[in-house]
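A.B. asks: Let me give you the structure first, and then I'll get to my questions.
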Amino acid sequence: MGFEYRILSPLALRLGAIHRITWRDITSIEKLVASSPRLTRTDYGDGTFSEFAGEAQQHPGKSETINTTTHSTEFSYGIGYSPIDNLQIDIMGFQKLTDFTNWALSVTFKF
63 MGFEYRILSP LALRLGAIHR ITWRDITSIE KLVASSPRLT RTDYGDGTFS
113 EFAGEAQQHP GKSETINTTT HSTEFSYGIG YSPIDNLQID IMGFQKLTDF
163 TNWALSVTFK F
């Protein structure tokens with residue numbers, strides 16, 4: 063969405079907004095791949111012992127899904143200069159006058 067306001071006859075101020083909606087679904091599945099029976103040995107100290115073998119672990123596993131929705135809005139602004147009907151020059155992102163990293167320049171020539 064955008065809005066343009068003519069300040070003076072070749073200058074225009076532009077304001078805009080971009081709204082984004084992001085959906086993300088994450089599914090994690092946990093399952094048992096292999097299992098061995100539990101073996102327990104008890105030594106009694108007199109040379110005798112006992113051994114017990116339990117059952118192999120049975121795990122049914124689980125599945126989990128997480129759904130997230132994120133909303134974000136980016137605002138933009140710029141100044142447009144149109145010296146003639148066929149030429150439009152736009153400058154955007156100039157909040158820091160000494161830092162040019164976010165500046166954007168657009169020149170449109172209509173023919």
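Heads up: the sequence shown begins at 63 in our numbering, then just goes up one per residue.
For every residue, glycine included, the Cβ atom is placed at its ideal position computed from N, Cα and C.
1. Compute the beta-carbon to beta-carbon distance between L73 and Y143, rounded to the nearest angstrom, for a pair I have assumed lies under 8 Å.
2. Are the beta-carbon atoms of I151 and L167 separated by less than 9 Å?
3. Please report how far the alpha carbon of T89 lies from the alpha carbon of I83, in whole angstroms.
4. Less than 9 Å between the C-beta atoms of G155 and S138, yes or no?
5. Three or more beta-carbon pairs under 8 Å between the region 122 to 130 and the region 99 to 109, yes or no?
6. Distance check for I91 and I80, CA to CA, integer angstroms please.
7. Run through the DSSP bridge pairs and tell me what I80 is partnered with.
C.D. replies: Result, derived from the coordinates:
1. 6 Å
2. Result yes, Cβ atoms of I151 and L167 sit closer than 9 Å.
3. For T89 and I83, the gap between their C-alpha atoms comes out near 20 Å.
4. In this structure, S138 lies closer than 9 Å to G155 by Cβ.
5. No, the region 122 to 130 is not in contact with the region 99 to 109.
6. 36 Å
7. Its beta-bridge partners are E136.
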